[in-house]
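Numbering that gives the first Met the number 0 numbers the first residue of the sequence shown as 0 and each following residue consecutively.
This report refers to the structure that appears directly beneath it.
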Amino acid sequence: MQRMARSAAAVCLLALCGGAWTAQGAEVTPVQKVIQLMEDMLAKGKAEKHDEQVQFAAYKQFCDDTIVEKKRAIAEANEKIEVLKADIEKYMATAARLTREIAAHDEDISVWKGDQNAASKVREIENADYDAMHKDYSESIDALQRAIAVLKKEAYDRKQSSLAQVSNLQSLTLIPPEAKKAIDAFLLQEPTEGLDVSAPEAYGYEFQSHGIIEMLEKLLDKFIAERTDLEKTEMNSKHAFDMLMQDLTAQIDQATQDRGEKAELKAKTLQAKADALGDLEDTTSTRDADQKYLDDLTATCEQKASDFESRQQLRAEEIEAIEKAIEIISSSSVKGHAETYLPTLVQNHKGSALAALRSATVTQAQSRVADYLRHRAAELGSRVLSTVADRVAADPFTKVKKMIK
C-alpha cells in the first residue's frame, strides 16, 4: 500500500509538471495527467487485488487440504486408540484368567505329588508287612513240612535229632497255642525203645504220632492257603499302587504341560499388552500433536481469511473511490475547460496565464477530487487514498514557475 501511495504521488507530480512544460508540443493538460495518474493507480490496485486473490486461493487450498488430512489422521488415531484400549482390556482379562488357571494347576500338581508321597509311604509299610508276614509263613511252612516228614519217617524211632524238628515248631509265631500244647504233650511221651515195647504201647504211640501229623498237615495246608492269599493281596495291592502312581503321574505330567503352555501364553499376552500400551502412548501423543496443529492451523487460516476479506474489501472500496475521483475530474465541465483553454494559454502567456489557469480550472478540479478522496480515506481508514488526496491537492506548477522565473 505504501509503495502504491509513493508511486502515485511521484507519477502525479511528474505528470502535472511535465504537462505544463510539454503542453505547447503535445497539448496534454494537467487534468489529463491527473486522470492518467489515477488510472495507473486504479490498474495497479486491481492487479494487486487480483494477485492477492491468487495467493490467498493457494494458501486456502493448503489450509483445506491440510485440515482434511489432519482430521482424517485424528479420526484414524481415535479409532486405533479405541481398538488398542479394547485389546489391552482383553489382554488383561486373559492374563488374569491364565494366572488363576496356572495357580489351579500348581495346586493340583502339589496335591497329586502329595498323594504320590503318601501312597508310596503306605506302600512301603504294606510291603514291609507283607515281607515279614510272607517270611513267617514261609518259615512256618518249611518247618511244618520238615517236621511232618520226620514224624512220618520215624514214627517208632524217637531220636533226639528227629524230635528237634518237631520241637522247633514251638518257636514259630504262626503256630496256634492249641497246636503248641499238643506238640508239648507229644514230646513228653517216653515210650520204651526197641523190642521191649509192647503191642498196646506201640499202638498208642503210633496213634498219638498220627494225630500230631494230622494236626501239622492241617496247619501246613492252612498256612499255604493263607500265604497264597497273602501273595494275592500283595499282588493286588502292588497293582493298585502301580495304577494309582501311573494315574497320578499322568495327571501331573498333563497338568505340568498345561501349566507350561499357559505360562508361555501368559508371557506372550503380557508382552502383547506392553506393546499395545506402547502403541497407545505413541498414538495418543501423535493424535494430540495433530489436534494441536489442527487447532493452531484452523485459527491461523481463519485469521488470515478474515484479514484477506478485510483487505479485499478495503482494496475494492479504494478502487471504487479512485474510479469515483476519475469520474469527478473527468466530468465535462472540468475536462472541457482544461482541454479548451490550457494549451493555448500555456503557449501565449508565460507567467500570468499559468496562474490564472491554475486558479480558474485546475485548482477547482483538484480540490473537489482531493476532498472526496480525503473523505473516503477517513471513512475507510485508507492510507493509500489519503496519500493520493494529498498528491492530487498539491500545486503542480510550483516547479514550473521556478523554472520560468
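Glycine included, C-beta positions come from ideal geometry on N, C-alpha and C.
All of these numbers come straight from a predicted model, not from anything done at the bench.
Pull up the distance between the alpha-carbon of Asp39 and that of Thr283, whole angstroms please.
57 Å
DSSP three-state call for Ala4: helix, strand or coil?
At Ala4, the pLDDT of 40 sits below 50, so the modelled position is not reliable; the number obtained from the coordinates is stated separately. In the structure shown, Ala4 sits in a helix (DSSP, three-state: H, G or I).
Cβ shell of Phe55 (< 7 Å), same chain only, five flanking positions each side left out:
In its chain, beyond the 5 residues on either side, Phe307 have a beta carbon closer than 7 Å to the beta carbon of Phe55.
Using 10 angstroms around the beta-carbon of Glu317, count the other beta-carbons present and answer buried if the total reaches 16, otherwise exposed.
Counting Cβ neighbours within 10 Å, Glu317 comes out buried, since at least 16 surround it.
Going by DSSP in three states, Ser329 sits in which element: helix, strand or coil?
coil
Report all residues from its chain with a CB closer than 7 Å to the CB of Trp111; omit the five preceding and five following residues, and keep chain order.
Annotation for Trp111: Leu247, Gln250, Ile251 place their beta carbon closer than 7 Å to its own, counting only its chain and skipping 5 residues before and after.
Counting pairs of beta carbons, one from the region 116-127 and one from the region 265-275, are three or more of them closer than 8 Å?
With a cut-off of 8 Å, the region 265-275 and the region 116-127 do not count as touching, because too few Cβ pairs lie within range.
Please report how far the alpha carbon of Ser381 lies from the alpha carbon of Leu313, in whole angstroms.
Cα to Cα, the separation comes out at about 7 Å.
Are the CB atoms of Arg375 and Arg315 within a distance shorter than 7 Å?
Position check: residue 315 holds Ala in this sequence, whereas Arg was assumed. Cβ distance not < 7 Å, so Ala315 and Arg375 don't count as in contact.
Less than 8 Å between the CB atoms is what I'm expecting for Ile325 and Tyr371, so what's the real figure, rounded?
Actually they do not touch by this definition, with Cβ atoms about 11 Å apart.
Exposure of Phe61, with buried meaning 16 or more beta-carbon neighbours within 10 Å
Under this definition Phe61 is an exposed residue.
Identify, in the order they occur along the chain, each residue of the same chain with its Cβ nearer than 7 Å to the Cβ of Ile223, setting aside the five sequence neighbours on each side.
Ile140
Does the distance from the CB of Asp289 to the CB of Ile73 come in under 7 Å?
yes
Between the region 207-220 and the region 175-182, do at least 3 Cβ pairs fall closer than 8 Å?
yes
Could you round the C-beta distance between Ile87 and Leu276 to whole angstroms and report it? I think they count as a contact, below 8 Å.
6 Å
For Leu372, name the three-state secondary structure that DSSP assigns.
helix
Taking 7 Å as the cut-off, decide whether the C-beta atoms of Leu296 and Leu83 are in contact.
no
Taking Gly113 as part of the alpha helix (DSSP H), name the residues at either end of that continuous run.
29-152
Determine the burial state of Ile124: buried for a count of at least 16 other Cβ atoms within 10 Å of its Cβ, exposed for fewer.
exposed
Kindly indicate which three-state DSSP category Gly380 falls into: helix, strand or coil?
Three-state DSSP puts Gly380 in coil, outside helix and strand.
Spatial distance of Gln35 from Ala42 (CA atoms):
Between Gln35 and Ala42, the C-alpha separation is close to 10 Å.
Alpha helix (DSSP H) segment containing Pro176, residue limits:
176-187
If we ignore side chains and look at the alpha-carbon of each, how far apart do Lys349 and Glu47 end up?
Residue confidence for Lys349 is low, a pLDDT of 43 falling below 50, so the modelled location carries little weight and cannot support an answer.
What residues in its chain sit with their C-beta under 8 Å from that of His104, if we drop five residues either side in the sequence?
Ala254, Thr255, Asp257, Arg258, Lys261
Tell whether a beta-carbon distance below 7 Å holds between Thr172 and Asp128.
no
Going straight from the alpha carbon of His49 to that of Arg310, what length do you get?
12 Å
Considering only residues of the same chain and omitting the five flanking positions on each side of Tyr90, which have a CB-CB separation below 7 Å?
Thr268, Ala271, Lys272, Ala275
Closest to Gln302 by CA distance: which of Pro29, Lys59, Glu322 is it?
Lys59
What is the DSSP secondary structure of Leu173, reduced to helix, strand or coil?
coil
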